[in-house]
Structures are given as structure tokens and as C-alpha cells.
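One structure is given below, encoded as C-alpha cells.
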Amino acid sequence: MMYGKNSPHNSIRLREGLQHFHVIPKPLKSGTHISDRLWLCDWFKDWTEQHFLHLGSSDEFFVWIVRRQNYQDDRIWAKNVEYIEEDERIYEIIRHQACIKVFIMFTCKRLLWVIKDKGESWTGQYFHDVILTEHVIPFLKNEEHVIDPDEVIFVYDKAICMRANRTQHLFQDNDVKFWDNDTWPENSTDLNMTEILGQ
6 MMYGKNSPHN SIRLREGLQH FHVIPKPLKS GTHISDRLWL CDWFKDWTEQ HFLHLGSSDE
66 FFVWIVRRQN YQDDRIWAKN VEYIEEDERI YEIIRHQACI KVFIMFTCKR LLWVIKDKGE
126 SWTGQYFHDV ILTEHVIPFL KNEEHVIDPD EVIFVYDKAI CMRANRTQHL FQDNDVKFWD
186 NDTWPENSTD LNMTEILGQ
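This is the structure:
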């Protein structure tokens, strides 16, 4: 039975004048994500436990003030918002809803988290000057946080801000070992090693 964008169920709803009030992102179980995980397993196949102790893995995420819909079962179909019952109004799209952005990184010794300053935009400048320069790089250089600052390898997701040449040069200029753009598989848009290691 089809449940995608062009499924009979959706066609009937659209013919009846119904619309859905938010779009659900696809789950991370595509062929690309599966191949990314296989690639990562192959990359680690000759690693020992000692190698893993030198990883500093990072990610960033959002904490939404109003619950953000992200499950297929949450989709609400109606002719317009007036047809949605009062107790289900949480499912409306809220433009520019407030959220807290958090950057996390963990090593075998410590966990670092940085919460974006109130009123600041998460721009490239803010990311480089505050998140990386003030927090991440000093964290990786401190023996209280890592086993050996000369051996620690910073691993991040393949997000655009991390792939930027400016970010790559910042790590190189500060003698931080990291997985550069050439390390990641080319087909991956956003291989998130922190999520994979966490699972």
C-alpha cells in the first residue's frame, strides 16, 4: 500500500479540497544513509579501542519552544485551519517559532555543550568566532578534556558550515586534527557520526 506524496490516499484528500498543515521530513533510512553507515563501519574496521578514545565527536540541535512536528502520524488534514479542533492547534505551522540552538561535543573524558546566546543569529561568523574559536578549539587543547591534545581527532557532521573552507582552515591553523572534506564519502550530504556512534 502506498503512503507517499502520490499515494491514492493523498490524491483523494487533495480532490476533496483538503491540505496538510505541515510537511514531514523523510526518515534517515534512505539508501544513502545506509551506505554511509556501511562506509563508516569499513572505515573503523581496523581501529582498536585505543583509537576510539581519541575521537571528539560533535553535533548541533534545536530545542523548540513549541513542539515541532516530525512524525507522519502528526499530519493534520483539513480544508483550512478553522476546521481543526481547538485542542489540536499545536499542529499548525508557526512561523519563526522560538528555539534554542545547542552545540554538543563529547570525548571519552568530557561532554561540552554550548547554548547560542540569546538574540544572536547562528551565522557563519558567530559559529567560527564563538562556537569554534572560544569553545571547541580550547576544549580540544585541554588535557582535562581529552587524553592527548596532539592525538585527538575532531569529527563533525557533513553540514555546510563544517565543510566550508574557512572552517577547514581554522582547524588547520590551530593544529587540530579533523576529518576534512576528502575523508567523507562523496555521496553523503550530511553523514552524522555523532548520531551513529550514539546508536
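The working numbering puts the last residue of the sequence shown at 204; the count rises by one with no breaks.
In this text, a Cβ means the ideal position worked out from N, Cα and C, and glycines have one as well.
All values derive from a computational prediction rather than experimental measurement.
- The stretch 148-164 makes no contact with the stretch 125-135: fewer than 3 CB pairs, one atom from each, lie closer than 8 Å.
- Here Trp118 carries a strand assignment [DSSP, helix/strand/coil].
- The DSSP-derived three-state label of Glu148 is coil.
- At least 9 Å separates the beta-carbon of Glu54 from that of Ile109.
- Collapsing the DSSP output to three states places Cys46 in a helix.
- Unbroken beta strand (DSSP E) stretches of 3 residues or longer found wholly inside the stretch 123-185: 158-160, given in chain order.
- Cβ contact annotation for Lys114 (same chain, cutoff 8 Å, sequence separation greater than five): Glu149, His150, Val151, Ile152, in chain order.
- When beta bridges are read from the DSSP output, Ile109 appears opposite Asp64, Trp118.
- Counting every other CB atom within 10 Å of its CB across the protein chains shown gives Lys121 a total of 16 or more, marking it as buried.
- Note on Thr128: under 16 other CB atoms within 10 angstroms of its CB, so exposed under the neighbour-count rule.
- Ser63 sits buried, since 16 or more C-beta atoms from the chains shown fall within 10 Å of its C-beta.
- The Cβ atoms of Lys182 and Val157 lie closer than 9 Å to each other.
- Rounded to whole angstroms, the gap between the alpha carbons of Gly61 and Asp162 is 12 Å.
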